[in-house]
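A short worksheet on the structure shown next.
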Amino acid sequence: MLAFVIRRVGQSILVLLIVGLVAFSMFRFVGDPIDNMLGQERTIEDVERLRAQLGLDQPFPVQYFRFLEGAIQGNFGVSYRQGREVSEILLERAPATLELAFVSGVLAIAIGIMLGVFTAIRRNGATAHIIMAASLIGVSLPTFLIGILLIYLFSVELGWLPSFGRGETVSIGDWWTTGFLTESGRKALILPAITLGLYQMTLIMRLVRSEMLEVLRQDYIRFARARGLKERAVNFHHALKNTMVPVVTVIGLQLGAIIAFAIITETVFQWPGVGLLFINAIQFVDIPVMAAYLMLISVMFVGINLLVDILYVFIDPRLRVDRTGGHS
Amino acid sequence: MTTPVLSIRNLSVEIPTRQGILKPVDRVSYDIAAGEILGVVGESGAGKSMAGNAVIGLLNRPAHIAGGEIRLNGARIDPLEGEEMRRMRGKEIGMIFQDPLTSLNPLLTIGDQLTETMLTHLPIGRKEAEKRAVAALDEVGIPGAKERIDSYPHEFSGGMRQRVVIALALCAEPSLVIADEPTTALDVSVQAQIIALLKRLCRERGTAVMLITHDMGVIAEAADRVAVMYAGRLAELGPVREVLTEPRHPYTHGLMASTPLASQGQTRLHQIPGSMPKLNYMPDGCAFHPRCPRAADKCRTAPAPTLTDGRAACWFPMVTEAAE
Amino acid sequence: MKRTIFAFLASTVVALPVGAAEFTWAETTDPQTMDPHAVNSTPVLGFLNNVYEGLVRRGKDMSVEPALATDWEPIGDGEGWRFTLREGVTFHDGAEFNADDVIFSYERASDEGSDTRSWFAPISEVVKVDDYTVDFMTSAPNPIFPSSIANWMIMDSGWAEANNATLPDKENGNYATINANGTGAFKVTAREPGLRTELMPHDGWWGDVEHNITKATLTPIQNPATALAALLSGDVDFINPVPIQDVARLQSDPDVNVIQGIEARIIMLGFPHEADALKYSAETSDKNPFADVRVRQAVAHAVNVPAILQTTMRGNAEPASQLVSPAMNGYSEGLSERPAYDPEKAKALLAEAGYPDGFSFGLKCPNNRYLNDEAVCQAITGMLAQVGITATLDAMPVQNYWPELRADNYDMYLLGWSPGTFDAEHPIRFLAATPNEEKKLGSWNFGGFSNARVDELLPMIQSEIDADKRQAMLDETAKILQDEVAYVPLYVQPLVWGTRSNIELTQRPDNFFILRWVTVN
Amino acid sequence: MTDTQTNQAAPPEAVDKSLWQDFRESDFFYAFKRSPVALVSFAVVCILVLSAVFAPLIAPTNPFDPASLNLMNGFTPPLEPNAFTGDAFLMGTDDQGRDVFSTILYGMRISLFVGASAVLFAMVLGITLGLVSGYFGGWTETIIMRVADVQLTFPSILVAMLIFGIAKGFTPVEYRDQMAIWVLILAIGLSDWVQFARVVRGATLVEKSKDYVAAARLIGRSPWAIMLKHILPNALSPVLVIATISLALAIIAEATLSFLGVGAPPTQPSLGTLIRIGQGFLFSGEWWILFFPACTLLALALSVNLLGDWLRDALNPRLR
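Same order as they appear, the protein sequences are chains A, B, C and D. Using the UniProt record's numbering, the first residue of the first sequence is number 1, and each one after it goes up by one. Using the UniProt record's numbering, the first residue of the second sequence is number 1, and each one after it goes up by one. Using the UniProt record's numbering, the first residue of the third sequence is number 1, and each one after it goes up by one. Using the UniProt record's numbering, the first residue of the fourth sequence is number 1, and each one after it goes up by one.
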């Protein structure tokens, strides 16, 4: 068990290094930060001086090395655009994204599993068919369009919910801000969370359904039925638990995807999270912010992956004794 | 004569398909008395498992009971549905599946699975259920039952798991147990032990057993009576010794000829030419006639007689001189 | 749950009149710094105009008026300018304003690391005469100096020194990047970069208060549709800009008003004057057709500007004939006709230049810099194709755009130019003068347009004090640029602001949003 | 693809019949005929694909030819004559005066081409890597599966932006219009291969342990022959299902990327680009610029998804 965790952590670090390299090499193609930092009356000389100041005249490997060196110490440099520590900015923005991701994740998982189980149990029922078909509409339109349509309907036409932002937030501790504690904060969460969670919800629902159908035709389910266990017990105690094994993996991956896809939702709703920060950073070629964001995402993702693997062991007793490096 | 535990009369199961209605079980009748073990044999697809599933109410849609009746301890159970049928299962009818590896939920301890079943059917508390679970494991011969109660299925060997399955099937003390190929998936060395266990438990408790198998050896060892099925129909029914030694139906005969009784291995029917017809390509007349060495014109046109009295559903049953 | 919702609704209804003088507005970009000397861009200077003040400022009609200086006059025969400072002005933190702050701010703003440095290129020396008098000595006569420093903002020297912000730091930022301490009508009370900046009135402000705002909040919203939705749903009181296609919709909505004007920015097409060959042509890779003035004229005639204004700009923009708009100082009244849309003439000119069958080339265009920039380029592509020259359009975000232009990777490009000085001299210096690094000329003249007479006229324009003589020289330059088709000016970019109908405000052509002219009714 | 499918789904006694007959009598086809959802979505997909393929014949104008456009036709509502030119259009015109109907047809070609090619690319890549990692195991497997992890770390959007940027650096501008499309294919394909690889690897692991594979290995058949002939057919059903669903996803992904500014060029818009452009006119009353492309995309993606859903159930004999 310990050896397994150590090995996975090692692999994770390797993954992070590669991500760092790829991420960093990508910035060279995003654009040139200089023009955004200087006004229209700048001279060529100003451009060259600033370039040297930022170390952009250095060869690529040197830049990467300098970045890594800082990153190891948790120092991602200073944002070109905001002139503040990147780690500080990220920390400031992270709660917004995490809260949004959390709510949409919970929404997606709870409703997704519920509907998935329902459609699997009532496999041939009309309601199940309608749910299945309706869920596809959610994945047949691009997220940004769904967001804009929601805004149009609920903010502009009906005026029920705010069209952008996070509403009022309350500070907790040194750096965490939450929108959960105010009415406007909770209201502001609804539309973005639906937009972001819809796709994942559909995905989870469909996955749960197919896994559940697969489980439901297993011998042990028939055996459980043959023992006269109540339908509820068969479906939830026996079938759902087995369904969760593969589902947990995918949900883990989806959590990462939620944070990544938050980029789009945050852009549409002007949600002040790291995704919006990243899009802005791209627009202004704020390399330190971009690099740090990608590293943050990777760390989160690798972390979630690791957690999922461990959770796996927790759910499935077969894996507790020994685990061969299989990965499904 | 006392009421048999299970009484099946003219049971038919149908599956509507686009090629027409298939009849995997066609007008089958038999009884099982308390403490009696009825062996049901036949090739795969002969309808023996389907009949068992019909009894316990676990037919997969669109298969359904199309005719006849099933009585348990004298009461009809075939019209029961949903909740009523569920209460019968486990409580009145237990079932044992073929593969102990897949019959147990891998994510729950065997203790959980046992207590859950007992709590569902018996008016007892958790404490009592746990106590009984240990006793049940003990009874099926799991050493160190008290400690193993919290083990997961994968921590047991195949034979041990089948013992757990038997404990599970019997834990609510049903009056009928349907054992669907209970030994097929097991090592040869373990098979006999499991059969012996099953036999002992049923004798002790007076449980009726429907022992579904394709293995004549198992039948010979465990069953009191035997029902031979072919293509959904009952071909022959009688006390095991008589059927085995003096088969009257040509199919049973062929079956016996292909089965050295001493063998514990898998039965193969090389000796009967051809193969069992598919349900959607049923020949006219007796279903067995294309393979039957004794087939006459009548067999080709008239459906085989329904077995009511007499032992074999055959126009020209074999006479006893074959034996002895 | 239901109860809390009702309770909330009730509370908002009650809260509304109380918050009537609170004001929230949204712009596309957040000011990237609070340091008035670090970045010379409209979002920064426009916002900071509410917080900091200069010696002079621009009024509602763009005219220069006294601010921290009450008076100014030339010294001798064009040797410099003397500014008399306003007395009794205090910074937001309570410090007194005096000549030391002016000297300090001059040094700070003209530092090597400052983006506003070029404003002080004509200055040779700044002299403190007394606590409320400062002399700015120029190396040559400079008639427009006072108006060229309308955006130069005065910072308190004591505050800057105490907070270690004596120089702007673009790279790492410093205290002044997120904090502000000016003399303006509003002070920054909260700042979350990229999210929210909160302003409150400065109680000790020297001027007459016209506004009735108690608190103002700026929220950047990048996505135009989101900003529009926020305005329509009443989440914000003001947005800038309104997407041009939505003007009609807003006009029909009784709850919102559209305020339209003409921006100082001219949108134009640029050419690779110096290039030897086209870069992105399938068949004409050995020569540069755009070096021929007839081809450039053909382009000018081929582009149907009225159609672009009618359709893409929805009738919200004016055609342009020069590098500055009529609202700018030094505009040449006599040259206000732009070449007529005449595809036949364009074809004839092309044939005359030796391209009867046209040619193909690459058109570069930004897609997030100017209003509807990509749609305009697309329309131009179609119009040029109709006279036989087929462009491959390559539209990209502005962060990739400038590097491409700097690397000469274009055959034709779209450019917008807004003269920071509101004077016709500005674009000549940056766009028309032969590029010369040493003299800091032509730094945005990507195509390397070069005309000896223009180069000769520029320094004369810069130092001419007589307004008529200066205008004559500007007219001559404008004529040359028109004849040579150095650029093809297309139209003046419109300014479209949207407000809730209970808001009154004043729009200035420089696209600065001045909070002290806002009234919430 | 269909052929393989037919063979698998057909009853064995029908081998001597022609493929078509074979197909018509298969359970697969029977189930298909019986499912209204499958029939309708198949019909919709067919109509859309055909109209995309034959767009030049159906479309009244060629929206990709800039010389044919009249800007003054811009923003004409559906079936109403334009105020200046008097021209009328079935679905109106967009901001450039392009006939929306024609643009949708042409745009769908690009969307379908991008979607299909991306899925094909992902499929080939995924199947190859899946087979290799499942069959050879060991380090090869570890590396491939770790790469898959890394790959999953990067949201497809970022992958696309990365590839876009790099490719841009290498492509001459006259090819950039086409480049955008190839880059989209590459980007979407690269972010999609993992699923295929995982499924195929799973199937390979199962099949590898079977006797016939061992036998084939013993008689010295090459690994590739074994993988392609014996192992791959066993994984085809799930691969086909994933491919269908991925096609819908790829079409949507293209739209999303276009929203972020790395999509098809506006002069040759895909459905996604049309929607991106159209959403700017949502509030201004020119609903048709967004509405028709969005409906087309919805119809296309929805029917492909429904078809994929149905396929999943139909091809999984255990669920039948």
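Note that beta-carbon positions come from the ideal geometry of N, C-alpha and C, so glycine has one too.
With C-beta atoms as the reference, is threonine 33 of chain C less than 8 Å away from valine 44 of chain C?
Along the third sequence, one-based indexing puts residue 33 of chain C at 33. Along the third sequence, one-based indexing puts residue 44 of chain C at 44. Closer than 8 Å, so yes.
As a quick exercise: from C/Ala180, C/Lys170, C/Glu171, pick the residue whose alpha carbon is nearest that of alanine 160 of chain C.
Along the third sequence, one-based indexing puts residue 160 of chain C at 160. Looking at the Cα atoms, C/Ala180 is the closest of the given residues.
Go to asparagine 75 of chain A, then tell me how far its beta strand (DSSP E) extends in each direction, as first and last residue.
Locating residue 75 of chain A in the first sequence gives position 75, where the first residue counts as 1. From DSSP, asparagine 75 of chain A is part of no beta strand (DSSP E); its letter is neither H nor E.
Against chain C, with Cβ distances strictly below 8 Å, would glutamate 69 of chain A count as a contact?
For the purposes of this step, residue 69 of chain A is taken as residue 69 along the first sequence, with counting starting at 1. It does not: the Cβ of glutamate 69 of chain A has no partner Cβ on chain C nearer than 8 Å.
For a contact defined as C-beta to C-beta under 8 Å, what are the partners of phenylalanine 269 of chain A on chain C?
Your numbering for residue 269 of chain A matches position 269 in the first sequence. In chain order: Thr226.
If you follow the alpha helix (DSSP H) that lysine 345 of chain C is in, where does it begin and where does it stop?
Mapped onto the third sequence, residue 345 of chain C falls at position 345. Lysine 345 of chain C -> alpha helix (DSSP H) spans 343-352.
Return helix, strand or coil for serine 7 of chain B, following the three-state DSSP convention.
The residue given as residue 7 of chain B occupies position 7 in the second sequence. In this structure, serine 7 of chain B counts as strand in the three-state DSSP scheme.
Less than 8 Å between CB atoms is the rule here; does valine 285 of chain A satisfy it with respect to chain C?
Residue mapping note: residue 285 of chain A aligns to position 285 of the first sequence, counting from 1. Yes - at least one Cβ of chain C is within 8 Å of the one on valine 285 of chain A.
Output needed in chain order: residues of the segment 427-440 of chain C with a Cβ under 8 Å from some Cβ in chain A.
Against chain A - using a Cβ distance shorter than 8 Å - the residues of the segment 427-440 of chain C are Phe430, Glu437, Lys440.
Taking contact to mean 3 or more Cβ pairs, one atom from each stretch, closer than 8 Å, check whether the segment 114-133 of chain A and the segment 202-211 of chain C are in contact.
Output reads no: the segment 202-211 of chain C does not touch the segment 114-133 of chain A.
Strictly by DSSP, which residues pair up with valine 41 of chain B?
If you number the second sequence from 1, residue 41 of chain B lands on position 41. According to DSSP, which records beta bridges pairwise, valine 41 of chain B is partnered with B/Val228.
Round the Cβ separation of isoleucine 123 of chain C and phenylalanine 136 of chain C to the nearest angstrom and send it over; I've been treating them as touching at under 8 Å.
Against the third sequence, residue 123 of chain C aligns to sequence position 123. Against the third sequence, residue 136 of chain C aligns to sequence position 136. Going by Cβ atoms, the distance from isoleucine 123 of chain C to phenylalanine 136 of chain C rounds to 6 Å, so yes, they are a contact pair.
By alpha-carbon positions, which one of A/Met295, A/Pro59, A/Ser163, A/Gln254 ends up nearest to residue 338 of chain A?
It is not possible to answer for residue 338 of chain A, since the shown part of chain A is limited to 1 through 328.
Using a beta-carbon distance cut-off of less than 9 Å, what residues from the segment 262-283 of chain D approach chain C?
Residues Pro265, Pro266, Thr267, Ile277, Gln279, Gly280, Phe281, Leu282, Phe283.
Kindly say whether methionine 95 of chain B, judged by its beta-carbon, lies nearer than 8 Å to any beta-carbon of chain A.
In the second sequence, counting from the first residue as 1, residue 95 of chain B sits at position 95. Yes, methionine 95 of chain B counts as interfacial toward chain A.
Alpha carbon to alpha carbon, what distance is there between glycine 54 of chain C and leucine 458 of chain C?
Here residue 458 of chain C refers to the residue found at position 458 when the third sequence is read from its first residue. Here residue 54 of chain C refers to the residue found at position 54 when the third sequence is read from its first residue. So the two alpha carbons sit approximately 27 Å from each other.
Classify proline 494 of chain C as buried or exposed, calling it buried when 16 or more other Cβ atoms lie within 10 Å of its own Cβ.
Counted from its first residue, the third sequence places residue 494 of chain C at position 494. Flag for proline 494 of chain C reads buried.
Whole angstroms is fine: what's the gap from serine 105 of chain C's alpha carbon to threonine 116 of chain C's?
Here residue 105 of chain C corresponds to residue number 105 of the third sequence, with the count starting at 1. Here residue 116 of chain C corresponds to residue number 116 of the third sequence, with the count starting at 1. In a straight line, the C-alpha of serine 105 of chain C is about 11 Å away from that of threonine 116 of chain C.
Within 8 Å (strictly less), CB to CB, does asparagine 223 of chain C reach chain A?
As a first step, residue 223 of chain C is located in the third sequence; it is residue number 223 there, counting from the start. For asparagine 223 of chain C, the answer is yes, since a Cβ of chain A falls inside 8 Å of its Cβ.
Would a check of beta-carbon distances place lysine 187 of chain C closer than 8 Å to chain A?
For the purposes of this step, residue 187 of chain C is taken as the residue at position 187 of the third sequence. No, lysine 187 of chain C does not count as interfacial toward chain A.
Where does the unbroken alpha helix (DSSP H) through phenylalanine 32 of chain D begin, and where does it stop?
Along the fourth sequence, one-based indexing puts residue 32 of chain D at 32. Here the alpha helix (DSSP H) through phenylalanine 32 of chain D covers 27-34.
Would you mind stating whether threonine 311 of chain C and leucine 71 of chain D have Cβ atoms separated by less than 8 Å?
What you label residue 311 of chain C is simply residue 311 of the third sequence in a count that begins at 1. What you label residue 71 of chain D is simply residue 71 of the fourth sequence in a count that begins at 1. Yes; because the gap between Cβ atoms is below 8 Å, this pair is in contact.
Please name the residues in the segment 270-281 of chain A whose beta-carbon is closer than 8 Å to at least one beta-carbon of chain C, in chain order.
Under the 8 Å Cβ criterion, the segment 270-281 of chain A contributes Gln270, Pro272, Leu276, Leu277, Ile279, Asn280.
Against chain D, which members of the segment 296-310 of chain A pass a CB distance test of less than 8 Å?
Listed by position along the chain: Ile297, Ser298, Phe301, Val302, Asn305.
Could you tell me if the beta carbon of alanine 96 of chain A falls within a distance shorter than 7 Å of some heavy atom in the ligand NAD?
In the structure on display, the ligand NAD does not appear, and there are no ligands present to speak of.
Pick helix, strand or coil for aspartate 237 of chain C, following the three-state DSSP scheme.
Within the third sequence, numbered from 1, the residue matching residue 237 of chain C stands at position 237. Residue state, collapsed to three classes: coil.
What would DSSP say about isoleucine 121 of chain A, mapped onto helix, strand or coil?
By one-based count along the first sequence, residue 121 of chain A stands at place 121. Reduced to three states, the DSSP call for isoleucine 121 of chain A is helix.
Candidates D/Arg201, D/Leu298, D/Leu190: which alpha carbon is nearest valine 44 of chain D's?
To locate residue 44 of chain D, count along the fourth sequence from 1; it is residue 44. It is D/Leu298.
Kindly indicate the opening and closing residues of the alpha helix (DSSP H) around proline 250 of chain B.
Here the question's residue 250 of chain B lines up with position 250 in the second sequence. Looking at the DSSP string, the run of the alpha helix (DSSP H) that includes proline 250 of chain B is 250-257.
Leaving out five residues before and five after alanine 262 of chain B in sequence, what residues of the same chain have Cβ atoms less than 7 Å from its Cβ?
Within the second sequence, the letter at position 262 stands for residue 262 of chain B. For alanine 262 of chain B, the predicted structure reports a pLDDT of 43, less than 50, and the residue's modelled location is therefore unreliable. A value from the coordinates is still provided. So no residue of the chain qualifies.
Under 8 Å by Cβ, that's how I've got glycine 20 of chain A and leucine 68 of chain A pegged, so tell me the actual separation to the nearest angstrom.
The count along the first sequence starts at 1 and reaches residue 20 of chain A at position 20. The count along the first sequence starts at 1 and reaches residue 68 of chain A at position 68. Indeed, because the Cβ distance is near 7 Å, the residues count as touching under 8 Å.
Whole angstroms is fine: what's the gap from glutamate 438 of chain C's alpha carbon to phenylalanine 154 of chain A's?
By 1-based counting over the third sequence, the position of residue 438 of chain C is 438. By 1-based counting over the first sequence, the position of residue 154 of chain A is 154. If you take the alpha carbons of glutamate 438 of chain C and phenylalanine 154 of chain A, they lie about 58 Å apart.
Mapping DSSP to helix, strand and coil, what is isoleucine 70 of chain B?
Indexing the second sequence from 1 puts residue 70 of chain B at position 70. It is a strand residue.
In whole angstroms, what is the alpha-carbon distance linking glutamate 14 of chain B and methionine 229 of chain B?
For the purposes of this step, residue 14 of chain B is identified with residue 14 of the second sequence, where counting begins at 1. For the purposes of this step, residue 229 of chain B is identified with residue 229 of the second sequence, where counting begins at 1. Roughly 16 Å separates the two Cα atoms.
Rounded to the nearest angstrom, how far is the Cβ of alanine 327 of chain C from that of phenylalanine 361 of chain C, given a contact under 8 Å?
Locating residue 327 of chain C in the third sequence gives position 327, counting from the first residue. Locating residue 361 of chain C in the third sequence gives position 361, counting from the first residue. Contact flag wrong, Cβ pair sits at about 33 Å.
Pick helix, strand or coil for isoleucine 221 of chain A, following the three-state DSSP scheme.
One-based indexing of the first sequence puts residue 221 of chain A at position 221. The answer is helix: DSSP assigns isoleucine 221 of chain A an H, G or I state.
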